[in-house]
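Going by our numbering, the sequence shown opens with residue 606, and the numbers climb by one from there.
We put the beta carbon where it would ideally sit given N, CA and C, even for glycine.
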Amino acid sequence: MLHVDKRKRNSVFHYWKSFLAFLLPVTLFGVFILTYNLNSNRNDIDQMRLYSFQQACTQLGYIFERFKSQAAEARLELPEVNPGESPAISEEESLVLEKLNDLEKRANMESKAFYYVRGQSGLYSTKGKRSYEQMQSDYDLFDFTQASFFSRLNTSVASCICRIPSKDNASALIAVICPIPGSDISPYADVFFLIDEDILMRIS
Numbered sequence: 606m607l608h609v610d611k612r613k614r615n616s617v618f619h620y621w622k623s624f625l626a627f628l629l630p631v632t633l634f635g636v637f638i639l640t641y642n643l644n645s646n647r648n649d650i651d652q653m654r655l656y657s658f659q660q661a662c663t664q665l666g667y668i669f670e671r672f673k674s675q676a677a678e679a680r681l682e683l684p685e686v687n688p689g690e691s692p693a694i695s696e697e698e699s700l701v702l703e704k705l706n707d708l709e710k711r712a713n714m715e716s717k718a719f720y721y722v723r724g725q726s727g728l729y730s731t732k733g734k735r736s737y738e739q740m741q742s743d744y745d746l747f748d749f750t751q752a753s754f755f756s757r758l759n760t761s762v763a764s765c766i767c768r769i770p771s772k773d774n775a776s777a778l779i780a781v782i783c784p785i786p787g788s789d790i791s792p793y794a795d796v797f798f799l800i801d802e803d804i805l806m807r808i809s
């Protein structure tokens with residue numbers, strides 16, 4: 606009787622041993638295929654994200670270069686406005702406003718163009734001469750101080766991009782600053798554009 610039970614146990618043991626010997630490679634193969642597919646899908650997603658990011662950067666690069674080109678053309682026509690000009694609009698200021706309106710039309714997107722002569726207490730938009738306070742009031746949702754924006758206007762020596770966050774960090778303005786060289790090496794003025802960040806993201 607014991608001999609029969611022992612044979613039964615051996616038979617069951619051999620059965621499970623054979624079953625496990627078959628199941629283990631199949632399971633390992635299945636795990637390998639699953640892992641490979643997951644990694645492949647993850648790589649596909651990563652590649653898609655990378656491609657989208659590269660496309661956005663390329664598109665933003667085109668936009669940035671277009672603004673730089675327009676600012677370079679504008680500097681040939683924009684005059685140096687004297688800080689001591691009378692309150693009445695001068696011929697030079699009229700030319701500045703006309704050129705800013707032209708720049709906004711040629712930008713092919715919703716943006717605002719400005720002209721700043723370094724050392725002055727204000728700047729020019731299509732609305733006319735504006736103080737820093739008036740400009741910040743126009744864009745009161747955004748934190749120009751946090752972005753060190755006005756400091757950049759006076760110190761930038763090459764075209765650059767400045768992100769101006771909203772006070773609640775829910776949105777932002779993108780400033781494209783294009784310094785205008787004077788008679789010496791140092792820039793004497795800046796043409797800059799303000800664009801809503803969401804608009805740029807939709808375009809890119």
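To the nearest angstrom, how far is it from the Cα of residue i to the Cα of residue j?
i              : j                 : result
asparagine 759 : arginine 807      : 31 Å
serine 736     : phenylalanine 755 : 12 Å
serine 695     : lysine 704        : 14 Å
asparagine 706 : glycine 733       : 11 Å
lysine 717     : isoleucine 790    : 27 Å
isoleucine 800 : serine 726        : 23 Å
serine 764     : glutamate 738     : 24 Å
glutamate 670  : leucine 746       : 28 Å
leucine 708    : alanine 676       : 8 Å
Under 6 Å Cβ to Cβ from residue i, same chain only, skipping five residues before and after it: list those, please.
i             : result
aspartate 795 : Tyr721, Leu758, Ile782 and Pro784
glutamate 715 : Ile804
Determine the contact status of residue i and residue j, defining contact as a CB-CB distance below 9 Å.
i           : j                 : result
alanine 780 : phenylalanine 797 : yes
Figure out for me which residue from the options has the closest Cα to the Cα of residue i.
i             : options                           : result
alanine 752   : Glu715, Val701, Gly727 and Cys767 : Cys767
arginine 723  : Gln675, Pro786, Lys717 and Asn713 : Pro786
threonine 750 : Ser761, Ala763 and Pro770         : Pro770
alanine 712   : Phe672, Thr731 and Ser699         : Phe672
serine 814    : Tyr793, Asp745, Thr731 and Ser761 : In the structure as shown, the chain begins at 606 and stops at 809. Residue 814 is therefore absent and cannot be evaluated.
valine 762    : Asp745, Glu738, Leu746 and Tyr793 : Tyr793
Within a Cβ cutoff of 8 Å, which residues of the same chain sit near residue i, ignoring the five residues on either side of it in sequence?
i          : result
valine 802 : The amino acid occupying residue 802 in the given sequence is glutamate; valine does not appear at that position. Closer than 8 Å at Cβ, skipping near neighbours: Arg768, Ser776, Ala777, Leu778 and Ile779.
lysine 710 : none
What is the C-beta distance between residue i and residue j, in whole angstroms, given that I count them as a contact (C-beta under 8 Å)?
i             : j          : result
aspartate 743 : lysine 772 : So it is not a contact: roughly 14 Å between Cβ atoms.
Residues in its own chain within less than 7 Å of residue i by CB, not counting five upstream and five downstream?
i                 : result
leucine 728       : Phe719, Tyr720, Tyr721, Arg735 and Met740
serine 674        : none
phenylalanine 658 : With a pLDDT of only 48 at phenylalanine 658, under 50, the local geometry of the prediction cannot be trusted, and no value is derived from it.
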